[in-house]
Amino acid sequence: MPARVSLFVTCLVDQFFPKVGLAMAEVLERIGYRVEFPEAQTCCGQPAFNTGYREEARQVARHFLEVFGQADYVVVPSGSCTAMITRHYQELFAKQPEWLERARRLAPRVWEFSRFLLEVAGVEDVGARLEAVVTYHDGCHALRELGIREGPRRLLARVRGLELREMESSEECCGFGGTFAVKFPELSGAMARTKLEAIRRTGARYVVSIDSSCLMQIGGALSRAGLPVETLHLAEVLARR
Amino acid sequence: MTPLYQINIRKTLADAHLEEAIYAATARLMDHRRQVVAPEVLPDYEELREQARRIKQHTLENLDAYLEQFEAQVQGRGGVVVWARDGGEAADFLLELARRKQARLIVKSKSMTSEEIGLRERLEQHHLETVETDLGEYIIQLAQERPYHIVAPALHKTRYQVGEIFSRRLGVPEETVPEKQTKIARAVLRQKFLAADIGVTGANFLVADSGAVVLVENEGNARLTTSAPRIHVAVAGIEKLIPRAQDLAVFLKLLGRSATGQPLTVYTSLLAGPRREGELDGPEEFYVVLLDNGRTRVLADRDKRQSLYCIRCGACLNHCPVYRRIGGHNYPWVYSGPIGKVISPQFQGLMQDPWLPFASSLCAACAEVCPVKIEIPRLLLELRAEIVKTWRREGRKRLERWAFRLWAWVMRRPRIYEMLGLAAGALMGEEGGRSWLAKAPALLNAGPLRAWFSQRDLPPPGRTFRQLWRTRTARVR
Amino acid sequence: MPRESVLHKVRTALARKAGQPAAPAPPPRLRIPALDPEARWEQFARALEKLGGKAQRVADPAEAGRSVAALIGDRPAVASQAPYLAECGITRLPSVQSGFRDPAALRAACAAAEFGITSAQYALADTGTLVIAASGQEPRLISLLPPVHIAVLPAGRLLSGLDELFAVLPAPAECASALVLITGPSRTADIEQILVRGVHGPGEIHVIVVDGRETTG
Chain C
1 MPARVSLFVT
11 CLVDQFFPKV
21 GLAMAEVLER
31 IGYRVEFPEA
41 QTCCGQPAFN
51 TGYREEARQV
61 ARHFLEVFGQ
71 ADYVVVPSGS
81 CTAMITRHYQ
91 ELFAKQPEWL
101 ERARRLAPRV
111 WEFSRFLLEV
121 AGVEDVGARL
131 EAVVTYHDGC
141 HALRELGIRE
151 GPRRLLARVR
161 GLELREMESS
171 EECCGFGGTF
181 AVKFPELSGA
191 MARTKLEAIR
201 RTGARYVVSI
211 DSSCLMQIGG
221 ALSRAGLPVE
231 TLHLAEVLAR
241 R
Chain V
242 MTPLYQINIR
252 KTLADAHLEE
262 AIYAATARLM
272 DHRRQVVAPE
282 VLPDYEELRE
292 QARRIKQHTL
302 ENLDAYLEQF
312 EAQVQGRGGV
322 VVWARDGGEA
332 ADFLLELARR
342 KQARLIVKSK
352 SMTSEEIGLR
362 ERLEQHHLET
372 VETDLGEYII
382 QLAQERPYHI
392 VAPALHKTRY
402 QVGEIFSRRL
412 GVPEETVPEK
422 QTKIARAVLR
432 QKFLAADIGV
442 TGANFLVADS
452 GAVVLVENEG
462 NARLTTSAPR
472 IHVAVAGIEK
482 LIPRAQDLAV
492 FLKLLGRSAT
502 GQPLTVYTSL
512 LAGPRREGEL
522 DGPEEFYVVL
532 LDNGRTRVLA
542 DRDKRQSLYC
552 IRCGACLNHC
562 PVYRRIGGHN
572 YPWVYSGPIG
582 KVISPQFQGL
592 MQDPWLPFAS
602 SLCAACAEVC
612 PVKIEIPRLL
622 LELRAEIVKT
632 WRREGRKRLE
642 RWAFRLWAWV
652 MRRPRIYEML
662 GLAAGALMGE
672 EGGRSWLAKA
682 PALLNAGPLR
692 AWFSQRDLPP
702 PGRTFRQLWR
712 TRTARVR
Chain P
719 MPRESVLHKV
729 RTALARKAGQ
739 PAAPAPPPRL
749 RIPALDPEAR
759 WEQFARALEK
769 LGGKAQRVAD
779 PAEAGRSVAA
789 LIGDRPAVAS
799 QAPYLAECGI
809 TRLPSVQSGF
819 RDPAALRAAC
829 AAAEFGITSA
839 QYALADTGTL
849 VIAASGQEPR
859 LISLLPPVHI
869 AVLPAGRLLS
879 GLDELFAVLP
889 APAECASALV
899 LITGPSRTAD
909 IEQILVRGVH
919 GPGEIHVIVV
929 DGRETTG
């Protein structure tokens with residue numbers, strides 16, 4: 001009986017990047033997991049939490065805990081949403097012991113996708129092939145809240161035909177920041193342009209990340225600038241063969 | 242109407258030369274720091290940070306005891322401790338002292354605390370000549386501006402601008418070579434040092450067990466300020482206390498490295514009281530002004546108390562993608578960058594500039610480099626929540642509050658969430674919403690979508706994941 | 719009273735009572751590496767030269783005296799009354815002024831001199847730092863006003879770094895009204911981050927480390 005994983009695809013992937021979710025499912029199935037998609041899922045609550053709307057965030061977080069409370073593993077194609085669930089839920093429910101307990105119990109079973117592959121599945125090579133030069137962008141929350149730095153690079157190194165060319169300041173924020181991107185559009189746009197320039201200088205065909213939110217910002221700016229670089233989520237790279 | 246802070250931010254962003262200069266300058270500071278905290282150079286860096294944070298936490302939790310110990314130590318060495326509830330009281334003490342001592346000239350070394358209370362301006366209002374002696378701060382004084390950066394006040398000035406400022410204010414020929422500009426400042430300020438009656442400094446640390454004021458600098462101006470005039474007055478916030486001189490071994494290693502990438506700054510002075518029997522120089526009188534000015538209010542907040550751990554190294558500014566683009570003058574108060582976003586609302590009032598804690602992408606680069614491990618992003622989130630609470634109480638920001646309530650309502654109802662997602666996708670059409678937006682009513686046109694499209698595109702809509710998943714599952718079966 | 723008001727606010731914020739002693743502080747963190755004298759000298763010289771200072775090692779006090787004489791030539795210099803400088807014969811050099819009794823005379827001489835010569839209580843190997851305790855014999859202005867600072871000290875005073883300094887000197891305020899750590903020449907990078915040496919303090923620094931046993935101190 002193969003182990004069961006529940007996908008939390010995140011609202012962003014659901015609405016804008018459905019292929020990322022499919023790619024993630026495909027990779028997980030390829031290495032022997034039974035993949036489920038709890039249909040009642042929506043969002044982790046981060047947009048409200050980050051904008052200061054704690055009560056609204058709590059409502060949505062409770063919904064999340066109800067949907068996923070019984071899952072063996074929850075795999076998430078986002079470092080940012082994973083950090084929200086595993087770390088910030090505990091702040092959010094600091095004064096609600098019952099929900100705090102539920103959040104604490106679930107946290108160790110919630111995994112960012114790349115980390116799940118390496119640390120739970122113990123797989124570095126998923127049999128992927130992509131003949132291309134790519135560059136990797138470190139999403140801030142994956143990097144600084146979850147400490148994910150080398151893992152995705154190790155996974156990329158095992159992709160046949162792929163050459164990883166590091167960009168300058170890959171750890172610098174792309175400027176997304178949730179509602180920051182619309183509260184301070186020019187500032188966010190200026191940050192994206194620096195990122196674009198770093199990406200352009202690598203000559204890479206694809207920019208890869210483990211967060212679709214960064215890729216939405218970077219991809220949107222690439223498209224606006226008319227640069228011939230495409231965004232790919234790590235799951236999409238690993239699904240190619 | 243576009244708020245002023247947005248207009249100012251846009252102005253800075255539009256100045257490509259300035260933005261590039263700040264970005265490059267901070268990049269150098271980042272690089273310098275990285276070299277001296279690298280594990281092969283400083284293997285116990287993380288332990289030092291941990292110890293520094295522990296010491297700061299402990300000191301603040303027992304602050305009254307350490308303040309009294311410090312006071313007794315200073316008095317025991319013939320110095321005087323003065324307490325000031327706010328900037329007005331600190332300035333009044335200095336003015337009264339100057340009057341009593343018939344002082345006419347004050348030299349100052351750079352201090353964020355004195356910037357915070359506008360000390361120089363207050364003294365000048367009373368016709369007391371007060372001269373900044375740190376080169377960068379002197380340039381800023383001559384330019385009649387506010388420091389651009391906690392550590393490098395004139396970071397934004399080019400040498401050509403400095404040449405023009407010196408020529409206009411000092412009547413010297415315009416000189417654009419920094420080495421020669423420095424010589425000009427040295428000559429002018431040397432005369433001021435030797436003529437000054439009072440030297441005013443801040444303090445990087447106050448050592449409780451020694452009654453010592455610790456000053457850290459590179460130029461020698463703080464040494465001159467505390468060696469030449471006959472009176473030394475240090476004005477320092479009460480949060481500067483550390484328990485023991487031995488704790489300096491930890492803090493000095495972190496401060497220089499984090500600020501400028503120096504293992505130690507050029508000069509570190511531990512000053513304990515006036516000159517002693519037999520000494521030929523050093524101040525005859527030694528005063529320490531212990532300033533509250535809102536610090537006790539911050540201290541009372543257990544969670545945000547950690548904002549007072551700050552040792553003003555400026556590393557969070559250098560590493561902040563926001564500071565690096567908007568520079569130091571777009572922040573509403575003297576403290577800029579991430580730490581400014583955290584302490585300004587606490588000192589100045591939460592609702593003074595409610596936009597400030599939101600002007601962050603929460604990338605956490607600041608927390609990663611903070612030598613005392615202040616959780617800046619977490620504090621920003623706390624402040625945002627407090628601001629939203631206030632809006633709620635005061636019935637403001639109706640539209641945003643309504644939008645989030647609606648959002649939360651939808652997010653708990655998967656069916657409605659799905660239907661709305663599909664509807665939005667259909668509305669947006671081929672171009673991912675741009676064409677639709679152009680035809681949208683003005684109200685929507687001013688909203689978040691408009692802001693999004695002002696800078697970038699949106700992925701073209703298609704089927705949602707759950708639609709594709711259903712198709713896939715059906716196929717597999 | 720501001721004093722009572724501030725202290726009261728602090729105690730209220732912390733829920734502490736007047737006179738309540740501080741809780742035990744975390745123990746100080748001092749880590750002193752084992753470093754032999756040769757390594758100390760090498761580290762010190764490397765660190766100081768990296769900062770643009772000059773480090774020189776001589777065999778005995780007499781050679782130190784000759785080195786200083788060669789450095790200053792017949793240009794005006796002031797020297798402190800540190801006994802070690804006398805032992806090296808520095809205070810007796812013809813162009814050296816020393817033995818000041820009057821503050822104004824000291825200040826005038828320092829303002830006019832091209833060299834300021836001091837000893838140092840300690841030096842720190844890992845950072846290339848001089849540690850000077852102000853006293854009647856060692857005034858502050860000598861290492862501050864002249865454009866060039868020369869320091870002469872016996873090799874035995876080389877400590878490994880800050881941790882050892884605060885281990886041997888746990889209460890620095892007891893020994894001096896001013897303890898100054900000097901790490902290289904005075905510098906600034908306030909204009910376009912271009913490094914300029916010699917802003918308000920000396921732009922040049924020479925440190926002469928003397929081998930052999932110290933007889934005065």
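Protein chains in written order, with the numbering used here: chain C, 1 to 241; chain V, 242 to 718; chain P, 719 to 935.
We put the CB at the ideal spot given by N, CA and C, even for glycine.
This one's a predicted model, so the numbers in the text were calculated from it and none came from an experiment.
Please classify residue i: does DSSP put it in a helix, a strand, or coil?
i: Gln774(P); result: strand
i: Val491(V); result: helix
i: Val237(C); result: helix
i: Ser209(C); result: strand
i: Tyr401(V); result: helix
i: Ile479(V); result: helix
i: Glu171(C); result: coil
i: Ser695(V); result: helix
i: Gly666(V); result: helix
i: Lys183(C); result: helix
i: Phe176(C); result: coil
i: Arg905(P); result: strand
i: Trp574(V); result: coil
i: Lys735(P); result: coil
i: Lys349(V); result: strand
i: Ser408(V); result: helix
i: Gly834(P); result: strand
i: Ile750(P); result: coil
Kindly indicate the opening and closing residues of the alpha helix (DSSP H) around residue i.
i: Thr10(C); result: Thr10 to Gln15
i: His273(V); result: Ala257 to Val278
i: His299(V); result: Tyr286 to Glu302
i: His726(P); result: Pro720 to Leu732
i: Val133(C); result: Val133(C) -> not in any alpha helix (DSSP H); beta strand (DSSP E) instead, spanning Arg129 to Tyr136.
Just to confirm my understanding: we take residue i, look at its own chain, exclude 5 residues before and 5 after, and list those with CB closer than 8 Å. What are they?
i: Gly496(V); result: One detail in the question is off: residue 496(V) reads as Leu in this sequence, not Gly. The residues are Asn445, Val457, Thr506, Ile552, Cys554 and Pro612.
i: Ile725(P); result: Per the sequence shown, the amino acid found at residue 725(P) is Leu instead of Ile. Only Ala736 meet the Cβ criterion.
i: Ala831(P); result: Pro794, Ala795, Val796, Gln815, Leu863 and Pro864
i: Trp111(C); result: Tyr73, Val74, Val75, Val76, Thr82, Glu119 and Val120
i: Ala667(V); result: Pro702
i: Val583(V); result: Lys545, Ser548, Pro598, Ile615, Ile617, Leu620, Leu621 and Leu624
I need the boundaries of the beta strand (DSSP E) containing residue i, first residue and last residue.
i: Ala869(P); result: Val866 to Pro872
i: Gly161(C); result: Arg160 to Leu164
i: Tyr840(P); result: Tyr840 to Leu842
i: Ala508(V); result: It should be noted that the sequence gives Tyr, not Ala, for residue 508(V). Per DSSP, Tyr508(V) belongs to the beta strand (DSSP E) from Tyr508 to Leu512.
i: Ile860(P); result: Element bounds for Ile860(P): n/a, residue is neither H nor E.
Please work out which residues of its chain come closer than 7 Å, Cβ to Cβ, to residue i, disregarding the five sequence neighbours upstream and downstream, and give them in chain order.
i: Val13(C); result: Val20, Gly21, Pro77 and Ser212
i: Leu549(V); result: Leu301, Glu480, Arg536, Val539 and Leu540
i: Leu913(P); result: Arg905 and Ala907
i: Glu910(P); result: none
Starting from the C-beta of residue i, find all residues in its chain whose C-beta is less than 6 Å away, skip the five residues before and the five after it, and write them out in chain order.
i: Leu624(V); result: Pro586 and Pro598
- prompt: Which residues, in chain order, does the stretch 55-74 of chain C contribute to contact with chain V at a C-beta distance below 7 Å?
  reply: Cβ contacts with chain V come from Glu56, Gln59, Val60 and His63.
Whole beta strand (DSSP E) elements within the stretch 767-829 of chain P, 3-residue minimum: Annotation note: the stretch 767-829 of chain P contains the following uninterrupted beta strand (DSSP E) runs of length 3 or greater, listed N- to C-terminal: 772-776 and 795-797.
query: Considering only residues of the stretch 412-450 of chain V, which uninterrupted beta strand (DSSP E) runs meet the minimum length of 3 residues and lie entirely inside it, listed in chain order?
result: The qualifying runs are 439-442 and 446-448.
message: By the 8 Å beta-carbon criterion, what residues does the stretch 186-216 of chain C contribute toward chain V?
response: Those would be Glu186, Leu187, Ser188, Gly189, Ala190, Met191, Ala192, Thr194 and Met216, in chain order.
3-residue-minimum beta strand (DSSP E) runs that sit fully inside the stretch 86-126 of chain C, ordered along the chain: Along the length of the stretch 86-126 of chain C, whole beta strand (DSSP E) runs at least 3 residues long occupy 110-112, reported in chain order.
- request: Report the residue ranges of all alpha helix (DSSP H) runs contained in full by the stretch 582-633 of chain V; include only those spanning at least 4 residues, in chain order.
  value: As far as the stretch 582-633 of chain V is concerned, its whole alpha helix (DSSP H) runs of at least 4 residues are 606-610.
- request: Tell me the start and end of each unbroken beta strand (DSSP E) in the stretch 24-52 of chain C that is at least 3 residues and wholly inside, in chain order.
  value: 34-36, all fully within the stretch 24-52 of chain C.
query: Looking at chain C, which residues of the stretch 520-539 of chain V have a Cβ within less than 7 Å of any of its Cβ atoms?
result: Those would be none; no residue qualifies.
message: Any C-beta of chain P within less than 8 Å: which residues of the stretch 337-358 of chain V qualify?
response: Within the stretch 337-358 of chain V, contact with chain P at the beta-carbon level (separation under 8 Å) is assigned to no residue.
- prompt: Which residues, in order along the stretch 161-176 of chain C, keep a beta-carbon less than 7 Å from a beta-carbon of chain V?
  reply: Under the 7 Å Cβ criterion, the stretch 161-176 of chain C contributes Glu172, Cys173, Gly175 and Phe176.
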